[in-house]
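First residue of the sequence shown: 1, per UniProt numbering; consecutive thereafter.
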Amino acid sequence: MSVKTEINWYYRAILSSITPRNSPENNRALIEEIIEADFKLVKGALDLILSGSIAKVNFAPNQQPTSQSFYSILSKDKTRQYLVMQGYCDCFYFAEHVLSRATSFTCTHELACVLLEHMSADLQKDGDNFLHSVEELDEEEFLERMHLLYDE
Numbered sequence: 001m002s003v004k005t006e007i008n009w010y011y012r013a014i015l016s017s018i019t020p021r022n023s024p025e026n027n028r029a030l031i032e033e034i035i036e037a038d039f040k041l042v043k044g045a046l047d048l049i050l051s052g053s054i055a056k057v058n059f060a061p062n063q064q065p066t067s068q069s070f071y072s073i074l075s076k077d078k079t080r081q082y083l084v085m086q087g088y089c090d091c092f093y094f095a096e097h098v099l100s101r102a103t104s105f106t107c108t109h110e111l112a113c114v115l116l117e118h119m120s121a122d123l124q125k126d127g128d129n130f131l132h133s134v135e136e137l138d139e140e141e142f143l144e145r146m147h148l149l150y151d152e
């Protein structure tokens with residue numbers, strides 16, 4: 001295994017360590033380490049957040065939210081949507097550079113969702129939330145939406 005691959009797996013582990021169970025200070029320190037690792041990737045993720053093209057879909061059986069969710073991100077050219085879940089994105093870059101070659105530890109889509117998930121809920125942009133939309137779906141609707149995105 002190359003040194004570059006080992007470094008990418010190290011940052012992948014840091015990225016997956018950013019969770020709601022951590023203190024805000026701990027998550028902030030982990031995010032700062034990601035920023036130092038690849039500022040260009042972080043800038044792309046922040047630009048994606050500011051574009052307002054990220055939608056969150058929550059699994060909410062009987063209108064009771066759970067921790068199960070995924071994100072739908074509209075591509076720049078608006079021709080497709082990317083499916084992003086914890087530790088996974090269905091974009092070409094993620095498949096090729098993260099999973100196959102291990103030349104990167106994440107893609108802008110996954111990083112944007114991690115950053116967005118751990119930004120303050122009160123953080124607003126011109127009075128609006130950074131998310132394009134948030135949907136609460138029952139099991140059948142949740143699975144159907146996930147399959148529709150995955151099959152694109």
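Just so you know, even glycine gets a beta-carbon here, dropped at the ideal spot from N, CA and C.
Since the model is a prediction, treat every value here as computed from it, not as a measurement.
Under the DSSP assignment, M146 falls in the alpha helix (DSSP H) whose first and last residues are 139 to 150.
Residue ranges of uninterrupted beta strand (DSSP E) with 3 or more members, entirely inside the region 42 to 118 and ordered along the chain, are 54 to 59, 69 to 74, 81 to 85. DSSP lists A55 as the bridge partner or partners of S133. Between L30 and I14, the gap from beta carbon to beta carbon is short of 8 Å. Counting only the Cα atoms, L148 lies some 16 Å from K78. Rounded to the nearest angstrom, the Cβ distance from C113 to Y71 is 5 Å, consistent with a contact under 8 Å.
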